[in-house]
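Asker: This is the structure I have questions about; it appears just below.
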Amino acid sequence: MRVPALDPSPPQHAIAVETLGMTMRFGSFTALKDVSIRIPAGSFHVLLGENGAGKSTLVKCMMGFYKPTSGQMTVDGREVAVPDPRAAHDLGLGMVYQHFTLVPSLTAAENLVISRKDVPARIDWEKERADLAAFMTRMPFSVPLDVPVGRLAAGEKQKLELLKQLYLGRRFLILDEPTSVLTPAEADELLGMVRGLTTDGTLTCLMISHKFREVTAFADEVSVLRRGEHVGGGKVADLSTAEMAAMMIGEKELVRPAARLAVNGKPVMTVSGAKAADRSGLKTIEIGDLKVKSGEIVGLAGISGNGQMELMEILSGQRPLMEGAIKVCGLPFHATRSEARQFNVRYLPEEPLRNACAPKMSVAENIFFRDFDFAGGKPKFWLNGRRMAELAARLVGEYKVKTASLATPIAALSGGNVQRAVLSRELNGAVDLLLIANPCFGLDFSAVAEIRTRIMAARNAGAAVLLISEDLDEILELSDRILVMSEGRIVFETPAAGADIGEIGKHMAGHH
Amino acid sequence: MSEDIGLWGVPLAILGGAIRVSTPFIFVSTGECLTERSGRINLGLEGTLVFGAMSGYAVAYHTGSPWLGTLAAAFAGLLFGLLHGVLCSLPRVNDIAIGIALMIFGTGLAFFFGKPYVQPVAPHLPAIPLGFWSPLPQVQAALNVNVLFLAGIALAFATAWMLKNTRIGLTIRVAGDSADAARALGIDVNRVRLWSTAAGGALAGIGGAYLSLYYPGSWNEGISSGQGLMAVALVIFARWNPVNCLYASLLFGGAGALGPALQSVGITSGYYLFYAAPYVLTLGFLVATSSRTRALPSAPGELSIIK
Ligand SMILES: Nc1ncnc2c1ncn2[C@@H]1O[C@H](COP(=O)(O)OP(=O)(O)OP(=O)(O)O)[C@@H](O)[C@H]1O
Ligand SMILES: [Mg+2]
Chain A
1 MRVPALDPSP
11 PQHAIAVETL
21 GMTMRFGSFT
31 ALKDVSIRIP
41 AGSFHVLLGE
51 NGAGKSTLVK
61 CMMGFYKPTS
71 GQMTVDGREV
81 AVPDPRAAHD
91 LGLGMVYQHF
101 TLVPSLTAAE
111 NLVISRKDVP
121 ARIDWEKERA
131 DLAAFMTRMP
141 FSVPLDVPVG
151 RLAAGEKQKL
161 ELLKQLYLGR
171 RFLILDEPTS
181 VLTPAEADEL
191 LGMVRGLTTD
201 GTLTCLMISH
211 KFREVTAFAD
221 EVSVLRRGEH
231 VGGGKVADLS
241 TAEMAAMMIG
251 EKELVRPAAR
261 LAVNGKPVMT
271 VSGAKAADRS
281 GLKTIEIGDL
291 KVKSGEIVGL
301 AGISGNGQME
311 LMEILSGQRP
321 LMEGAIKVCG
331 LPFHATRSEA
341 RQFNVRYLPE
351 EPLRNACAPK
361 MSVAENIFFR
371 DFDFAGGKPK
381 FWLNGRRMAE
391 LAARLVGEYK
401 VKTASLATPI
411 AALSGGNVQR
421 AVLSRELNGA
431 VDLLLIANPC
441 FGLDFSAVAE
451 IRTRIMAARN
461 AGAAVLLISE
471 DLDEILELSD
481 RILVMSEGRI
491 VFETPAAGAD
501 IGEIGKHMAG
511 HH
Chain B
1 MSEDIGLWGV
11 PLAILGGAIR
21 VSTPFIFVST
31 GECLTERSGR
41 INLGLEGTLV
51 FGAMSGYAVA
61 YHTGSPWLGT
71 LAAAFAGLLF
81 GLLHGVLCSL
91 PRVNDIAIGI
101 ALMIFGTGLA
111 FFFGKPYVQP
121 VAPHLPAIPL
131 GFWSPLPQVQ
141 AALNVNVLFL
151 AGIALAFATA
161 WMLKNTRIGL
171 TIRVAGDSAD
181 AARALGIDVN
191 RVRLWSTAAG
201 GALAGIGGAY
211 LSLYYPGSWN
221 EGISSGQGLM
231 AVALVIFARW
241 NPVNCLYASL
251 LFGGAGALGP
261 ALQSVGITSG
271 YYLFYAAPYV
281 LTLGFLVATS
291 SRTRALPSAP
301 GELSIIK
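Chains as they are written, first to last, in UniProt numbering: chain A, 1 to 512; chain B, 1 to 307.
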């Protein structure tokens, strides 16, 4: 039965939310087992857990996106029914999802206005625009309001998602890994602002995060999920990072970072005089000279939206060159499948679910993509189901991809597990050139350690690696040589050993 | 009075043709544009158009009012749209397959009920003689404009305005571009699509009434020459923009009048080739504006042909 709301407008103060025995089953798979969590009004609560622990599932149940198999929820001590997201919104609950939920063809302004509950039948754009401009001046960052959202970079989209919730005046905000696409400074600014809103009692925040730094700096309390169960938690002040990590992973041992072996290789990939249009078609991406040697990780740093996505598309053949050339092992390279096979070129693009998967096809099929028509150096006509099942089972085991079964559509996997599945496909076999963008986007710390180790192992085995990342720490940890990209150009280069972070940051921000 | 205006007859005839022939295209393509912007394709509009033509003609004949006929056609179209919408909201139903089924169903039903109306003569929709100022009969003929044509122009602009400046318009676009986002906003995607398809059907019905009640202005089984299907293609041609739909319809109508116009001034060689002009033009334009690097920029993300 739906409880009629006493007050149709959302409350003007922070609200307390509690779940009681939440359980969620997908078929025979239990993603959430009897989870009870209490989040007092005005607190900044963090939900920790490994990839696939059930964090997103829990908050989606709270938001009415999923209907929990059993369990209740209370808001300000009153039991409520949340049959759909709209009911949650009426209660003052809002969420920024892990996958973007903005409408790509609508502009940012249109996205903001349509998300409001009281959209007038006729929208007076002049007035709305003035209101939005006034709202933006109170926010710590801004996004272009008149560009279709589909053309914004991931970082900008995430900012807009957040701005939207604040614009809607939500009183209980769920953030599903909000900072994975932000620079550290932006993340601090944003979380600092959310923190300010929670301490002065206007907002309660439940954040899912994999970054302990953020937890210790901003949160009051944590709750930890492991394999769908609530295994512990408490005040951040009473817990050390090591204790939290132990609760998350249980008895498992962490992968140790691989040692960096000295390799002196020959150049594998060279890009010279390359020029291509960017996403908007208005500016150009110009890569004068980019070399990646065997046994070397070249880290390409930069703030999202400065042409890194386009560079990755150029290298993976998704974006044609207007001028210039790409060479691999001295031969022209057009990123065709046969060339990629010949030179052992592998890709891990950003947003792999969109750029490297067929979302509705199964995990096994997605893992089989690279070799499904090729075996032992010969093209194959018939699909070999047994070979596919064996390969998929082996890789899923090796890379610890958490999936209900091999036949599950890959889109149903948690964000981190999609990443692992794609990586398992790409790192299988001999690799000579590895092109990666944001490989640890949204991964928990043990998965991050594991994936970085695998990248380092590929390098040590002689692969040339180009690592495009918005996470400067990742670049500093992995790279042999660091490049900075800004406004479509490579503006700075330095060896990683003894690199000056301040200098890199300055170039990232566009001061050269 | 019949003066010879020589080659000037060609552009005049094309203009007249554009105005006369384009009206059903304007209505059907604007309606389909609305449907597609909500994330569904209704290929059944050809059937809706033919049924609209029949029902409009029948009602106009019985009541003596072409306007009541047009209204009846719109209502019949609405029902067809609703049927399509309801069937497509069932799980695992493909909108294209349903569209094809409804196309055949609508045409068949129209032929079945339309048998008795092939002979009788129904009153025509009125036209406004905008060419009254000219002594030339060719000009007068070309500028004899039907009211529905003017309504169609207003409709295209109004639809474009609606999609940008109203809550309903934005809701339709959200449903058409990302069902997930729509659900996150609490929008009932199926309901939005149901009513968008219904509105599209009603407009297609009006397009049909124009055929039987104005030009060519009679009811028979060959009344439509595929306008309903072609209009669906025009929506893609117009990049899902209602105002572009209007221009595309005019262009298509004008190109269609090329053959007869040239024939009227005595150019008869390649006559059948000129009949293909609209199709060649559309094809050429689509090829010229397509791009390998950009996806169709304004295509609604939820369309089953895009996904
Ligand atoms: N719609 C679904 N159908 C089947 N299984 C699902 C579905 N959604 C989630 N799961 C499974 O439930 C488990 C928990 O997923 P969830 O997305 O909640 O993880 P998470 O803790 O958010 O992980 P991450 O940190 O990677 O985002 C995963 O094993 C996932 O495969
Ligand atoms: Mg998650």
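Just so you know, even glycine gets a beta-carbon here, dropped at the ideal spot from N, CA and C.
Using the beta-carbon count (16 or more within 10 Å), is Val287 (chain B) buried or exposed?
Answerer: Exposed.
Asker: Locate the alpha helix (DSSP H) running through Phe141 (chain A), then write down its first and last residues.
Answerer: Phe141 (chain A) -> no alpha helix (DSSP H), and no H or E assigned at all.
Asker: Can you tell me the Cα-Cα spacing of Gly16 (chain B) and Ala109 (chain A), whole angstroms?
Answerer: The straight-line gap from Cα to Cα measures roughly 42 Å.
Asker: Quick one: is Thr23 (chain B) buried, meaning 16 or more other Cβ sit within 10 Å of its Cβ, or exposed?
Answerer: Buried is the call here.
Asker: Less than 8 Å between the beta carbons of Leu213 (chain B) and Gly31 (chain B), yes or no?
Answerer: Cβ atoms of Leu213 (chain B) and Gly31 (chain B): not closer than 8 Å.
Asker: For Gly114 (chain B) and chain A, any beta-carbon pair shorter than 8 Å?
Answerer: For Gly114 (chain B), the answer is no, since every Cβ of chain A falls outside 8 Å of its Cβ.
Asker: Kindly examine ligand 1 and report whether one of its heavy atoms sits closer than 7 Å to the Cβ of Leu20 (chain A).
Answerer: No, the Cβ of Leu20 (chain A) stays beyond 7 Å of every heavy atom of ligand 1.
Asker: Taking only beta-carbon positions, decide if Asn42 (chain B) is within less than 8 Å of chain A.
Answerer: Cβ-Cβ to chain A under 8 Å: no for Asn42 (chain B).
Asker: CA-CA distance, Arg2 (chain A) and Ala81 (chain A)?
Answerer: Low confidence applies to Arg2 (chain A): its pLDDT is 40, below 50, so where it sits in the model is not reliable, and the reading given next is rough at best. Rounded to the nearest angstrom, the two C-alpha atoms are 6 Å apart.
Asker: When you compare each of A:Met247, A:Phe26, A:Leu91 and A:Lys157 to Ser223 (chain A) by their alpha carbons, which one comes out closest?
Answerer: It is A:Met247 whose Cα lies nearest to the Cα of Ser223 (chain A).
Asker: Please list the terminal residues of the continuous beta strand (DSSP E) segment that includes Cys440 (chain A).
Answerer: Segment: none, Cys440 (chain A) is in no beta strand (DSSP E) and carries neither H nor E.
Asker: With a threshold of 7 Å (Cβ to nearest heavy atom), would Asp180 (chain B) be considered close to ligand 1?
Answerer: Not under cutoff, so the answer is no.
Asker: Which bits of chain A does Thr171 (chain B) rub up against, with CB to CB less than 8 Å?
Answerer: By Cβ distance, chain A contributes Ile114.
Asker: With three or more beta-carbon pairs closer than 8 Å as the criterion, would you say the region 56 to 67 of chain B touches the region 177 to 185 of chain B?
Answerer: The region 56 to 67 of chain B, when compared against the region 177 to 185 of chain B, does not touch it at the 8 Å Cβ threshold.
Asker: Looking at the secondary structure, which residues open and close the beta strand (DSSP E) in which Asn144 (chain B) lies?
Answerer: Taken as a continuous stretch (DSSP letters only), the beta strand (DSSP E) holding Asn144 (chain B) covers Asn144 to Asn146.
Asker: Mark Leu90 (chain B) as exposed unless 16 or more other C-beta atoms lie within 10 angstroms of its C-beta, in which case mark it buried.
Answerer: It is exposed - the Cβ of Leu90 (chain B) has fewer than 16 other Cβ atoms within 10 Å.
Asker: Name, going along the chain, the residues of the region 44 to 78 of chain B whose beta-carbon falls closer than 9 Å to a beta-carbon of chain A.
Answerer: From the region 44 to 78 of chain B, no residue has a Cβ closer than 9 Å to chain A.
Asker: Report yes if the CB atom of residue 514 (chain A) is closer than 8 Å to the CB atom of Gly295 (chain A), and no otherwise.
Answerer: As shown, chain A starts at 1 and ends at 512. That puts residue 514 (chain A) outside it, with no answer to give.
Asker: So does Ser22 (chain B) have its beta carbon nearer than 7 Å to some heavy atom of ligand 2?
Answerer: Incorrect: Ser22 (chain B) has no Cβ contact closer than 7 Å to ligand 2.
Asker: Residues of the region 72 to 92 of chain A with a CB closer than 7 Å to any CB of chain B: list them in chain order, please.
Answerer: The region 72 to 92 of chain A vs chain B, Cβ under 7 Å: Asp84, Pro85, Arg86 and His89.
Asker: At a Cβ threshold of 8 Å, is Arg183 (chain B) touching chain A?
Answerer: Yes, contact with chain A.
Asker: Who are the neighbours of Thr166 (chain B) on chain A, taking C-beta pairs under 8 Å?
Answerer: Those are Ala121, Arg122 and Ile123, listed as they occur along chain A.
Asker: Which residues in the same chain have their Cβ closer than 7 Å to the Cβ of Lys360 (chain A), if we skip the five residues on either side of it in sequence?
Answerer: Excluding positions up to five away in sequence, the list reads Pro409 and Ala411.
Asker: Have a look at Ile504 (chain A) and Gly510 (chain A) and give me their C-alpha separation to the nearest angstrom.
Answerer: Going from the Cα of Ile504 (chain A) to the Cα of Gly510 (chain A) covers about 10 Å.
Asker: Please name the residue, chosen from A:Gly462, A:Lys402, A:Leu427 and A:Glu365, that lies closest to Ile451 (chain A) on a Cα-to-Cα basis.
Answerer: With distances taken between Cα atoms, Ile451 (chain A) lies closest to A:Leu427.
Asker: Please give the ranges of any alpha helix (DSSP H) in the region 222 to 305 of chain B, keeping only runs that are unbroken, at least 4 residues long and fully inside the region.
Answerer: Listed in chain order, they are 227 to 237, 242 to 256, 258 to 264, 271 to 275 and 277 to 289.
Asker: From the DSSP output, in three-state form, read off Thr494 (chain A) for me.
Answerer: Three-state result, Thr494 (chain A): strand.
Asker: Where does Ser36 (chain A) sit, in a helix, a strand or coil, going by DSSP?
Answerer: DSSP places Ser36 (chain A) in strand when its eight states are reduced to three.
Asker: Step through the CB atoms of chain A and report whether any lies within less than 8 Å of the CB of Asp177 (chain B).
Answerer: For Asp177 (chain B), the answer is yes, since a Cβ of chain A falls inside 8 Å of its Cβ.
Asker: When DSSP builds the beta bridges, which residues end up paired with Ala464 (chain A)?
Answerer: Answer is A:Glu296 and A:Leu433.
Asker: Using a Cβ cut-off of 9 Å, which residues of the region 93 to 119 of chain B contact any Cβ in chain A, in chain order?
Answerer: Result list empty, no residue passes.
Asker: Could you tell me which chain B residues have their CB closer than 7 Å to the CB of Thr101 (chain A), listed as they occur along the chain?
Answerer: Simply Asp180, Ala181 and Ala184.
Asker: The alpha helix (DSSP H) with His124 (chain B) in it runs from where to where?
Answerer: Premise fails: His124 (chain B) is in no alpha helix (DSSP H) and is neither H nor E.
Asker: What is the DSSP secondary structure of Val484 (chain A), reduced to helix, strand or coil?
Answerer: Correct three-state label for Val484 (chain A): strand.
Asker: Does the beta-carbon of Glu161 (chain A) have 16 or more other beta-carbons within 10 angstroms, so that it is buried, or is it exposed?
Answerer: It is buried - the Cβ of Glu161 (chain A) has at least 16 other Cβ atoms within 10 Å.
Asker: Within 10 angstroms of its Cβ, does Ser290 (chain B) collect 16 or more other Cβ (buried), or is it exposed?
Answerer: With fewer than 16 other Cβ atoms within 10 Å, it is exposed.
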